[in-house]
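Start counting the sequence shown at 1; every next residue gets the next number (this note's numbering).
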Amino acid sequence: MKKRIIYGLLIIILSMGVFAKVGQLDWSITDLRCGNGVRDKYELYDAGDNDTLCDEYGKLLGIAAVGDEYHCTCLPRIIPAFCGNDIREGAELCDGSAAEDFCPELGEIMGVKLKCNPKTCGCDFVEEIPESYNPEYIEMLENLTKIKAVCGDKKVQGLEDCDPPKSLCKTNTGKIGECNSECKCVEKNFLEETSETNKENKTDETKENNATKENNTKEITIKETNKENMTKNSTEKETTKEKPGFFKRIWQWIIDLFS
């Protein structure tokens, strides 16, 4: 008798684990605004709002469905034990490549893009959920705006992405960026910047070489000019020596006559 009771309890416990239920959408997303009384963009239902998509969801799958106020999706939830047999059944929206896939159609009803998640037989959001959809993120931003940040004090505070300016940082997309004058991390192509710097350096080197060549040419020209002037001066002196004056020639003639 005791053994039967134990076996019965084990079966109940195991069945509870096997038949644990999941929603049609990712609860980590539907739970973000669930309970605010408004059916938001990534929800199928929210208690207190008559705008429910559970009726359309039920018609799509051919089942009766009602709102799930705990996760803002619909009931019945998907039973994991039936997922993976390549047969779409019950509350499943898809199941393997051979079965029907109702995720795109449900996405059209919701106004978003959905794709099948073969592990849950539910749907995943194709688009990235914006951070502003999370109320906690909005609250965090509001708290940050209250903090007075001074860009350049080497302290990342308030809405600053980085500090100080011109330092390396990581952008929201995870890429390497540079901190601008407003302490915002902006993506920068350091390879292009390096190539441009190299080009500028090469241009400067070319200018310096050209300037050096011009100076050398000027020096050579000046030296050649000086040589020409010296040659002219020496020629003029020799010419002056070779041609004595009139009186000097007469005097020389007289000396030669009586010698």
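Glycine included, each C-beta is placed from N, C-alpha and C at the ideal position.
Closest option to residue 39, judged by alpha-carbon separation, among 52, 32, 29, 93: 52. In the DSSP annotation of this structure, the continuous segment of the beta strand (DSSP E) that includes residue 73 starts and ends at 73 to 75. Taking the Cβ atoms as the reference, residue 178 lies roughly 5 Å from residue 188, within the contact range of under 8 Å.
Between residue 69 and residue 91, the C-beta spacing is not below 7 Å. Put simply, the segment 120 to 131 touches the segment 22 to 29. At least three CB pairs are less than 8 Å apart.
Take the alpha-carbon of residue 102 and the one of residue 67: they are about 19 Å apart. In the three-state reduction of the DSSP assignment, residue 117 falls in the strand class, which pools E and B. A Cβ-Cβ separation of about 11 Å leaves residue 180 out of contact with residue 164 under the 8 Å criterion. Beta-bridge annotation (DSSP): residue 187 is paired with 177. DSSP links residue 123 through a beta bridge to 116.
Annotated as distal: residue 57 and residue 34, with beta-carbon spacing of 7 Å or more. Of all alpha-carbon atoms in 252, 249, 43, 80, the one lying nearest the alpha-carbon of residue 133 is that of 43. The DSSP assignment places complete beta strand (DSSP E) segments of no fewer than 3 residues inside the segment 25 to 113 at 66 to 68, 73 to 75, in order along the chain.
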